[in-house]
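There are 2 protein chains.
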Amino acid sequence: MITIAVDAMGGDHAPQAVVSGCLEALKAFDDISLILCGPESEIKALLPQDASRIEVLDAPEVITNHEHPTTAIRRKTNSSLVRAMDLVKQGKAQAVLSAGSTGAVLAGSIFRIGRIRGIERPALATTLPTVKGSPVLLLDCGANVDCKPAYLANFALMGSVYMKGVMEVAQPKVGLINIGAEAEKGNDLTKSAYPLLSESPVNFIGNVEARDVLSGVADVLVCDGFAGNMLIKHTEGMASSMMQMMKESFMSTTRSKIGALLLKPALKSFKKRLDYTEYGGAPLLGVNTVVIKAHGSSNAKAIASAVRQARQAVKGDIVGAIGRELSLMAENE
Amino acid sequence: MITIAVDAMGGDHAPQAVVSGCLEALKAFDDISLILCGPESEIKALLPQDASRIEVLDAPEVITNHEHPTTAIRRKTNSSLVRAMDLVKQGKAQAVLSAGSTGAVLAGSIFRIGRIRGIERPALATTLPTVKGSPVLLLDCGANVDCKPAYLANFALMGSVYMKGVMEVAQPKVGLINIGAEAEKGNDLTKSAYPLLSESPVNFIGNVEARDVLSGVADVLVCDGFAGNMLIKHTEGMASSMMQMMKESFMSTTRSKIGALLLKPALKSFKKRLDYTEYGGAPLLGVNTVVIKAHGSSNAKAIASAVRQARQAVKGDIVGAIGRELSLMAENE
Chain A
3 MITIAVDAMG
13 GDHAPQAVVS
23 GCLEALKAFD
33 DISLILCGPE
43 SEIKALLPQD
53 ASRIEVLDAP
63 EVITNHEHPT
73 TAIRRKTNSS
83 LVRAMDLVKQ
93 GKAQAVLSAG
103 STGAVLAGSI
113 FRIGRIRGIE
123 RPALATTLPT
133 VKGSPVLLLD
143 CGANVDCKPA
153 YLANFALMGS
163 VYMKGVMEVA
173 QPKVGLINIG
183 AEAEKGNDLT
193 KSAYPLLSES
203 PVNFIGNVEA
213 RDVLSGVADV
223 LVCDGFAGNM
233 LIKHTEGMAS
243 SMMQMMKESF
253 MSTTRSKIGA
263 LLLKPALKSF
273 KKRLDYTEYG
283 GAPLLGVNTV
293 VIKAHGSSNA
303 KAIASAVRQA
313 RQAVKGDIVG
323 AIGRELSLMA
333 ENE
Chain B
3 MITIAVDAMG
13 GDHAPQAVVS
23 GCLEALKAFD
33 DISLILCGPE
43 SEIKALLPQD
53 ASRIEVLDAP
63 EVITNHEHPT
73 TAIRRKTNSS
83 LVRAMDLVKQ
93 GKAQAVLSAG
103 STGAVLAGSI
113 FRIGRIRGIE
123 RPALATTLPT
133 VKGSPVLLLD
143 CGANVDCKPA
153 YLANFALMGS
163 VYMKGVMEVA
173 QPKVGLINIG
183 AEAEKGNDLT
193 KSAYPLLSES
203 PVNFIGNVEA
213 RDVLSGVADV
223 LVCDGFAGNM
233 LIKHTEGMAS
243 SMMQMMKESF
253 MSTTRSKIGA
263 LLLKPALKSF
273 KKRLDYTEYG
283 GAPLLGVNTV
293 VIKAHGSSNA
303 KAIASAVRQA
313 RQAVKGDIVG
323 AIGRELSLMA
333 ENE
């Protein structure tokens with residue numbers, strides 16, 4: 003049985019969406035049990051009488067997006083997020099899931115759980131859809147805005163382990179996000195990271211330009227947290243901007259309106275392909291347990307996907323595998 | 003009469019596309035004359051007998067994308083690009099247009115023409131379409147991959163002047179590309195640039211997240227050349243990836259195929275909105291003349307748009323206006 007500690011108060015639609023998503027996930031998988039952390043009476047009121055494999059741990063405090071992450075983690079020890087993290091520390095759960103403040107999830111992971119030995123900085127990884135159908139893992143997406151070249155080599159290693167263990171990609175192709183294909187191109191960071199990645203044990207395919215992020219040339223793409231955050235937000239914004247521009251074009255004539263009506267199911271399936279709720283949350287890689295950060299605006303479906311992802315990451319022993327890869331590297335040095 | 007020096011050998015489809023685009027532009031505007039720089043006989047063979055307001059300046063050498071830009075500019079003084087730049091230096095033209103190597107256009111502009119006094123680094127600016135219909139100017143798009151905070155303040159000023167003079171936007175709203183809305187968010191560069199932009203005479207609206215690049219909240223967006231290059235390439239790549247995913251959805255059933263057929267004209271108008279050839283080239287701002295870098299894959303229409311843009315930049319006296327704004331700023335300090 004895999005036990006996942008859930009921050010029931012994290013996210014814009016908490017606790018309703020979180021609880022519904024958890025119940026959905028319990029139906030789908032019979033090898034998981036969940037511990038919901040949050041104000042006991044409020045959470046219990048949302049659970050059916052006969053709910054099994056799910057319990058509530060009372061956590062009366064809530065950490066909001068408006069608080070300083072580190073201070074909040076230190077002071078609000080009775081918050082839903084801190085109590086969820088402590089469950090892992092106490093060995094009572096193997097994974098943490100939260101749709102709350104990214105900064106607080108990051109601070110909590112570092113201060114309450116700790117990093118894997120040999121990892122300088124944990125990274126937030128996001129899965130994006132590609133034209134080829136297979137997803138691509140982009141990291142870092144915002145945990146480390148300014149990076150040293152060595153961090154990017156860590157990201158490449160962690161991303162590879164994740165894609166092997168969770169997404170079952172045999173030899174994940176790792177690309178370095180850059181502004182040119184040639185090795186000598188880029189800014190100070192990418193120019194210094196390139197040789198480190200070439201020497202690293204990952205399957206490094208070289209520089210990948212931003213135009214190929216969604217084309218499926220790589221399984222893992224590494225960059226600093228500023229670039230990664232920009233890329234995911236631009237992907238999100240552009241999808242919605244393009245949809246809006248397209249809608250305007252489609253509503254312009256009677257002919258196009260009829261066409262759009264006929265295309266409704268196809269447009270829906272297309273939208274689904276771009277829908278982040280299908281892909282779960284962002285794993286925070288490099289901490290000593292499985293941590294999944296779900297999108298702040300997660301609905302029940304997105305939470306259920308994130309639970310599935312947490313389960314898969316525990317089954318794939320991501321944390322152990324990252325540690326083993328690092329030991330192997332250290333031995334070879 | 004405005005005279006524009008054209009590098010007839012720049013770009014993937016040179017010289018045919020360049021010459022055709024120039025002839026198209028001459029038809030549209032009777033207040034311009036063009037000097038095509040390239041191998042004389044080759045270029046003359048592409049011109050009609052009775053062509054007026056267009057002449058050829060013999061330039062037998064060509065600078066390719068595979069050469070080191072600075073070396074090429076220094077050695078190939080008989081190249082189409084260097085000869086076009088020299089025409090401006092000699093006062094025989096008021097603008098240069100090239101679809102050739104970005105690095106060579108940049109090196110040539112700095113070494114053969116020179117910067118505007120007070121501008122540390124010229125920047126490449128790109129126009130992108132927005133949901134609101136009005137375009138947004140993004141700079142720098144790759145001339146300076148690593149930037150100091152002061153460069154970003156220069157970019158903001160130059161971008162504002164350009165949007166006023168060429169796009170006729172009265173009070174251009176300037177945003178700083180960042181990974182959070184609050185002033186204290188970002189990496190070392192954006193955190194230091196924020197106060198400089200706040201004090202600058204531009205209409206600074208604060209941080210703009212990548213999800214809003216195409217939403218039309220700003221008229222000018224500034225960032226370092228790494229981020230800017232990434233954003234334009236990601237826009238390009240995502241548009242094409244989305245189109246491909248959409249096409250797959252549309253071709254999935256008979257119903258959707260009929261819908262797609264009816265939508266053909268609407269899809270075409272939508273594609274046109276995203277089409278870079280409609281928007282001309284990228285002005286290189288901060289050099290002592292108007293320099294327009296057209297896309298390497300420019301067709302005749304894109305070249306004609308770039309000529310129109312060069313004409314507008316000369317008429318709007320962009321170079322003079324940037325100089326005047328800088329003097330005003332210096333006086334107020």
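As they're listed, the protein sequences go chains A and B. Heads up, the first sequence is in this note's numbering, so the first residue is 3 and it goes up one at a time. Heads up, the second sequence is in this note's numbering, so the first residue is 3 and it goes up one at a time. A virtual CB, placed ideally from N, CA and C, is assigned to each residue, including glycine. Computed from a prediction, not measured in an experiment: that's the story for all the values here.
Test: residue 14 of chain B CB closer than 7 angstroms to a CB of chain A: Along the second sequence, one-based indexing puts residue 14 of chain B at 12. Residue 14 of chain B does not count as touching chain A.
If you drop the 5 nearest sequence neighbours on each side, which residues of the same chain put their C-beta closer than 7 angstroms to that of residue 217 of chain A? The residue labelled residue 217 of chain A in the question sits at position 215 within the first sequence. Within the same chain, residue 217 of chain A has close Cβ partners 132, 133.
Enumerate in chain order the residues of its own chain whose CB-to-CB distance from residue 80 of chain B is below 8 angstroms, with the five nearest sequence positions on each side excluded. Counting from 1 along the second sequence, the entry for residue 80 of chain B is found at position 78. Same-chain partners within the cutoff: 61, 62, 63.
Ordered list of beta strand (DSSP E) runs contained in the region 88-133 of chain B, each at least 3 residues: With a minimum length of 3 residues, the continuous beta strand (DSSP E) runs that stay inside the region 88-133 of chain B are 97-100, 125-130.
Specify, as a first and last residue, the run of the alpha helix (DSSP H) that residue 228 of chain A falls within. Start at 1 with the first residue of the first sequence, and residue 228 of chain A comes out as number 226. Per DSSP, residue 228 of chain A belongs to the alpha helix (DSSP H) from 227-252.
Taking residue 36 of chain B as the reference, give the member of B:247, B:51, B:44, B:20 with the closest Cα. The count along the second sequence starts at 1 and reaches residue 36 of chain B at position 34. Considering only B:247, B:51, B:44, B:20, the residue with the shortest C-alpha distance to residue 36 of chain B is B:20.
With distance defined between alpha-carbon atoms, name the residue in B:199, B:237, B:160, B:305 nearest to residue 327 of chain B. Along the second sequence, one-based indexing puts residue 327 of chain B at 325. Comparing alpha-carbon positions, the option among B:199, B:237, B:160, B:305 lying closest to residue 327 of chain B turns out to be B:160.
Excluding the 5 residues preceding and the 5 following residue 98 of chain B in the sequence, name in chain order all residues of the same chain whose CB lies nearer than 6 angstroms to its CB. On the second sequence, residue 98 of chain B is found 96 positions in, with the first residue counted as 1. Around residue 98 of chain B: 7, 86, 87, 90, 293.
Could you compute how far the alpha carbon of residue 49 of chain B sits from the alpha carbon of residue 168 of chain B? Stepping through the second sequence from its first residue, residue 49 of chain B is reached at position 47. Stepping through the second sequence from its first residue, residue 168 of chain B is reached at position 166. Roughly 30 angstroms separates the two Cα atoms.
Span of the alpha helix (DSSP H), counted from its first residue to its last, around residue 162 of chain A: In the first sequence, counting from the first residue as 1, residue 162 of chain A sits at position 160. Residue range 151-167 is occupied by the alpha helix (DSSP H) that includes residue 162 of chain A.
Taking 7 angstroms as the CB-CB limit, is residue 114 of chain A close to chain B? What you label residue 114 of chain A is simply residue 112 of the first sequence in a count that begins at 1. For residue 114 of chain A, no Cβ of chain B is located within less than 7 angstroms of the residue's own Cβ.
Among all the DSSP beta bridges, which residues are the ones paired with residue 293 of chain A? The residue you call residue 293 of chain A lines up with position 291 of the first sequence. For residue 293 of chain A, DSSP records a beta bridge to A:98.
N-terminal and C-terminal residue of the beta strand (DSSP E) that residue 5 of chain A is part of: As a first step, residue 5 of chain A is located in the first sequence; it is residue number 3 there, counting from the start. Run containing residue 5 of chain A: 4-9, per the beta strand (DSSP E) assignment.
Name, please, each residue of chain A whose Cβ falls closer than 9 angstroms to the Cβ of residue 305 of chain B. In the second sequence, counting from the first residue as 1, residue 305 of chain B sits at position 303. Those within 9 angstroms of residue 305 of chain B in chain A number zero; the least Cβ separation is about 22 angstroms.
What are the residues that DSSP puts in a beta bridge with residue 52 of chain B? Taking the first residue of the second sequence as 1, we reach residue 52 of chain B at position 50. Partner(s): none; residue 52 of chain B has no beta bridge.
According to the neighbour-count rule (16 or more other Cβ atoms, all chains shown, within 10 Å of its Cβ), is residue 253 of chain A buried or exposed? Within the first sequence, the letter at position 251 stands for residue 253 of chain A. Residue burial is scored here from C-beta neighbours: residue 253 of chain A has fewer than 16 other C-beta atoms within 10 angstroms and is therefore classed as exposed.
Within the same chain, show all residues whose beta-carbon is closer than 7 angstroms to that of residue 39 of chain A, passing over the 5 residues directly before and after it, in chain order. On the first sequence, position 37 is the one that residue 39 of chain A refers to. Excluding positions up to five away in sequence, the list reads 7, 8, 9, 10, 59, 61, 82, 85, 86.
At a Cβ threshold of 7 angstroms, is residue 219 of chain B touching chain A? As a working note, residue 219 of chain B is residue 217 in the second sequence. Interface residue (Cβ-Cβ distance to chain A less than 7 angstroms): residue 219 of chain B is not classified as such.
Secondary structure of residue 272 of chain B, DSSP reduced to three states: As a first step, residue 272 of chain B is located in the second sequence; it is residue number 270 there, counting from the start. Assignment of residue 272 of chain B by DSSP, reduced to helix, strand and coil, places it in the helix class.
Whose Cβ in chain A lies nearer than 8 angstroms to the Cβ of residue 337 of chain B? With chain B covering only 3 through 335, there is no way to say anything about residue 337 of chain B.
Run down chain A in chain order and give the residues with a C-beta less than 8 angstroms from the C-beta of residue 178 of chain B. Translated into positions along the second sequence, residue 178 of chain B becomes position 176. Contacts between residue 178 of chain B and chain A, judged by CB atoms closer than 8 angstroms, are missing: the closest CB pair is about 12 angstroms apart.
Would you say residue 84 of chain B faces chain A, with C-beta separation under 7 angstroms as the test? Translated into the one-based positions of the second sequence, residue 84 of chain B becomes position 82. So, not an interface residue.
Could you tell me the alpha carbon to alpha carbon distance between residue 78 of chain A and residue 65 of chain A, rounded to whole angstroms? As a first step, residue 78 of chain A is located in the first sequence; it is residue number 76 there, counting from the start. As a first step, residue 65 of chain A is located in the first sequence; it is residue number 63 there, counting from the start. Rounded to the nearest angstrom, the two C-alpha atoms are 7 angstroms apart.
Where does residue 139 of chain A land, buried or exposed, given buried means 16+ other C-beta within 10 angstroms? Within the first sequence, the letter at position 137 stands for residue 139 of chain A. Of the other Cβ atoms in all chains shown, 16 or more fall within 10 Å of the Cβ of residue 139 of chain A; this residue is therefore buried.
Uninterrupted beta strand (DSSP E) stretches inside the region 184-230 of chain A (no shorter than 3 residues): For secondary structure counted as the beta strand (DSSP E) over 3 or more consecutive residues, the region 184-230 of chain A holds these complete runs in sequence order: 205-211, 222-224.
Short of 8 angstroms Cβ to Cβ, which residues in the region 195-224 of chain A face chain B? Going along the region 195-224 of chain A in chain order, one finds 211, 212, 213, 214, 215, 216, 217 with a Cβ nearer than 8 angstroms to chain B.
Local Cβ density within 10 Å of residue 334 of chain B, reported as buried at 16 or more and exposed below that: Position 332 of the second sequence holds residue 334 of chain B. By the beta-carbon neighbour count (other beta carbons within 10 angstroms, threshold 16), residue 334 of chain B is exposed.
CB contact check: residue 102 of chain B to chain A, cutoff 7 angstroms: Here the question's residue 102 of chain B lines up with position 100 in the second sequence. No, residue 102 of chain B lies away from the interface with chain A (no Cβ there is under 7 angstroms from its Cβ).
Roughly how many whole angstroms lie between the Cα atoms of residue 146 of chain B and residue 125 of chain B? On the second sequence, residue 146 of chain B is found 144 positions in, with the first residue counted as 1. On the second sequence, residue 125 of chain B is found 123 positions in, with the first residue counted as 1. Residue 146 of chain B and residue 125 of chain B: Cα-Cα distance of roughly 7 angstroms.
Kindly say whether residue 268 of chain A, judged by its beta-carbon, lies nearer than 7 angstroms to any beta-carbon of chain B. Counting from 1 along the first sequence, the entry for residue 268 of chain A is found at position 266. The beta-carbon of residue 268 of chain A is placed less than 7 angstroms from the nearest beta-carbon of chain B.
Closer than 9 angstroms between beta carbons: that is the criterion. Which residues of the region 287-301 of chain A meet it against chain B? Hits within the stretch: zero.
Excluding the 5 residues flanking residue 297 of chain B on each side, which residues of the same chain have their C-beta closer than 7 angstroms to its C-beta? For the purposes of this step, residue 297 of chain B is identified with residue 295 of the second sequence, where counting begins at 1. Result list for residue 297 of chain B: 101, 278, 283, 304, in chain order.
Here's the rule I'm using: 16 or more other beta-carbon atoms within 10 Å means buried, otherwise exposed. How should residue 226 of chain B be labelled? Position 224 of the second sequence, counted from the start, is the residue given in the question as residue 226 of chain B. Result: buried.
Status (buried if at least 16 other CB within 10 Å, exposed otherwise) for residue 248 of chain A: Residue numbering aside, residue 248 of chain A sits at position 246 when the first sequence is read from its first letter. With 16 or more other Cβ atoms within 10 Å, it is buried.
Contact with chain A by residue 31 of chain B, beta-carbon distance below 7 angstroms: As a working note, residue 31 of chain B is residue 29 in the second sequence. Not one chain A Cβ lies under 7 angstroms of residue 31 of chain B.
Give the range of the beta strand (DSSP E) segment to which residue 285 of chain B is assigned. Position 283 of the second sequence, counting from 1, holds the residue named residue 285 of chain B. In the DSSP assignment, residue 285 of chain B falls within the unbroken beta strand (DSSP E) covering 284-287.
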